[in-house]
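Residue numbers (the working numbering): 39 to 170.
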């Protein structure tokens with residue numbers, strides 16, 4: 039299989055974080071990369087203790103869907119060979135995909151920025167080399 043697009047929900051063996059095993063589950067295509075690789079985000083039907091998780095229902099799909107209401111977990115990203123993808127399950131609306139991308143952006147921001155405060159210029163990172 040190939041030609042996956044942003045916002046597409048696919049089914050594939052998704053690895054556990056310790057890489058010991060994988061579980062067949064849905065995943066969201068965040069971005070196709072050059073060649074056959076894709077950046078994916080885990081989807082689970084289990085309620086999770088994850089502030090970045092975004093709920094997905096049947097109404098959030100333009101085509102296809104999942105059998106259960108689910109949660110996309112931006113905190114669980116993975117780059118995979120697209121040839122591991124078994125099938126497409128559907129495509130999210132642009133609005134829902136944008137909501138998930140915003141959750142991912144918030145997750146990647148430094149803590150001060152994610153909380154809405156602006157870091158002070160006096161707090162320069164001593165490990166960053168500054169040219170005279």
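The beta carbon of each residue, even a glycine, is placed where N, CA and C say it ideally should be.
- Where residue 138 is concerned, the enclosing alpha helix (DSSP H) starts and stops at 132-146.
- Shown here, residue 41 sits in coil according to DSSP, grouped into three states, outside any helix or strand.
- Ranking 70, 97, 102 by CA distance to the CA of residue 118 puts 70 first.
- In its chain, beyond the 5 residues on either side, 49, 50 have a beta carbon closer than 7 Å to the beta carbon of residue 124.
- Residue 112 counts as buried, since at least 16 other C-beta atoms from the protein chains shown sit within 10 angstroms of its C-beta.
- Fully enclosed beta strand (DSSP E) runs of no fewer than 3 residues occupy 75-82, 92-94, 99-102, 108-119 of the stretch 67-120, in order along the chain.
- For the pair of segments examined, the stretch 99-116 was found to touch the stretch 81-88: the number of CB pairs separated by less than 8 Å reaches three.
- By the neighbour-count criterion, in which 16 or more other beta carbons inside 10 Å mark a residue as buried, residue 97 falls on the exposed side.
- If you check the CB distance, residue 61 and residue 101 do not come in under 7 Å.
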